[in-house]
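Engineer:
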Amino acid sequence: MKRVFAEKITSTAQKITRKLLIRAAASSKPMLTAFEILNRVERARLMKITVDVPDGTSGAWKVETFEVSKSEAEFFNIRAMYSGSGMGRCIRPGEYKRLMRNRDVIMSNTPSEISDHVDFIIRAKQSKRILINGLGLGVCLKAILESDKVEEVTVIEKSEDVIKLVAPTFQNDKRVKIIHADAFTWKPPRGARYDAVWHDIWDYICGDNLSEMSKLHRKYGKRTDFQRSWCKKECQKLNRQWW
Ligand SMILES: C[S@@+](CC[C@H](N)C(=O)[O-])C[C@H]1O[C@@H](n2cnc3c(N)ncnc32)[C@H](O)[C@@H]1O
């Protein structure tokens, strides 16, 4: 009688243990590899990149320092979460820089803007020759130049005013070539090839950008095996929603 009772207890204990183990295995998150951990640390660091371009105005363009207050950050973050753009597009209170054309913000170094560039920056930092279409505030350029592996960065910028405001900040870095030209018509030097190409010439995320992205990808596809356009997936998503 005692033995039957003891066996019952043992088998119940075994069942419970097995259930607990299965639950634990199902709930446990996969371990991060060393590469993934380093990648996350690097992403977090890049989100805080500062801009050295001084404040100034040229024509319709302006570089200015601005503050994001705690309440503005909270409002922005709640809107970002409800719009489905997620935590990656959140912002922290603090001091930032922005590039304005008239009253429109074209680029800033808020984490929300940088997050759209981070994948390309990480890839470009492992490359030697890089081409960027669209200088903007030079956020992407500054981040890429941190890497010793980078030997040359060519930047094509259409606005002379943007060049006047931003280019002097990079004039002491021999690896940088800033060219006043239109990305659609500029002719790369004969035989030039790039390890990574970034197209960021648009003011807003918009489905209409896709045809221009295709044009640029066709044109520069002959010069590189790796090119990306700013927020291409988001533009594609918008187009799917519309049609
Ligand atoms: C959003 S900003 C780029 C931001 C930049 N990625 C950064 O890290 O600061 C876009 C820039 O592209 C430039 N641009 C617009 N159309 C262009 C074109 N067709 N060719 C070259 N540059 C262009 C604009 O004058 C502007 O400076």
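Per the numbering used here, the sequence shown runs over residues 3 to 245.
Glycine residues also receive a C-beta, built at the ideal position from the N, C-alpha and C atoms.
1) How is G161 classed by DSSP in three states: helix, strand or coil?
2) For H201, report the span of its beta strand (DSSP E) as first-last.
3) Whole angstroms is fine: what's the gap from K160's alpha carbon to E69's?
4) Are there any heavy atoms of ligand 1 lying less than 7 Å away from the beta-carbon of D202, as far as the coordinates show?
5) F37: buried (16+ other C-beta within 10 angstroms of its C-beta) or exposed?
6) In whole angstroms, give me the CA-to-CA distance for I116 and R192.
7) Closer than 7 Å by C-beta to T67: which residues in its own chain qualify, once you throw out the five before and the five after it? Chain order, please.
8) Do L48 and A145 count as a contact pair if the criterion is CB distance below 8 Å?
9) Apart from the five residues on each side of it in sequence, which residues of its chain come closer than 8 Å, Cβ to Cβ, to L143?
10) Please look up how many angstroms separate the CB atoms of C233 and D118, rounded, as I've assumed it's under 8 Å.
11) To which residues of the same chain is R131 closer than 6 Å at the C-beta, ignoring the five residues directly before and after it?
12) Could you check the C-alpha separation between I203 and G61 for me, to the nearest Å?
13) What residue ranges within the segment 158 to 244 form continuous alpha helix (DSSP H) runs of no fewer than 4 residues, ordered along the chain?
14) Beta carbon of I158: closer than 7 Å to some heavy atom of ligand 2?
15) Going by the C-beta, is F186 closer than 7 Å to any heavy atom of ligand 1?
16) In angstroms with no decimal places, state the Cα-to-Cα distance between G140 and L101.
17) Leaving out five residues on either side along the sequence, give the residues of the same chain with a beta carbon under 8 Å from the beta carbon of I124.
18) What residues in its chain sit with their C-beta under 8 Å from that of L147, if we drop five residues either side in the sequence?
19) Are the beta-carbon atoms belonging to D51 and N104 less than 8 Å from one another?
20) Closest to H219 by C-alpha separation, out of P113, Y206, A185 and C237, would be which residue?
21) Reducing DSSP to helix, strand and coil, say where N104 ends up.
22) Please report the residue range of the alpha helix (DSSP H) in which K72 lies.
23) Counting along the chain, where does the alpha helix (DSSP H) carrying N41 start and finish?
Structural biologist: Considering the structure as presented:
1) The question names Gly, yet the displayed sequence has Ser at residue 161. DSSP places S161 in coil when its eight states are reduced to three.
2) A198 to H201
3) 29 Å
4) yes
5) F37 should be labelled exposed.
6) 33 Å
7) D57, E97 and K99
8) Judged by their CB atoms, A145 and L48 are nearer to each other than the 8 Å cut-off.
9) I134, L137, V155, V157, F172 and V178
10) 6 Å
11) E154, Y196 and D197
12) 18 Å
13) Within the segment 158 to 244, the runs of alpha helix (DSSP H) that reach at least 4 residues and sit entirely inside it are, in chain order, 162 to 168, 211 to 222 and 234 to 244.
14) Ligand 2 is absent from the structure shown, which contains only ligand 1.
15) F186: yes, Cβ under 7 Å from ligand 1.
16) Between G140 and L101, the C-alpha separation is close to 10 Å.
17) N41, E44, R45 and L48
18) V155, F172, D175, R177 and V178
19) Here the sequence assigns Ile to residue 51, which means Asp is not the residue at that position. Result no, Cβ atoms of I51 and N104 do not sit closer than 8 Å.
20) A185
21) coil
22) K72 to Y84
23) Residues A36 to L48.
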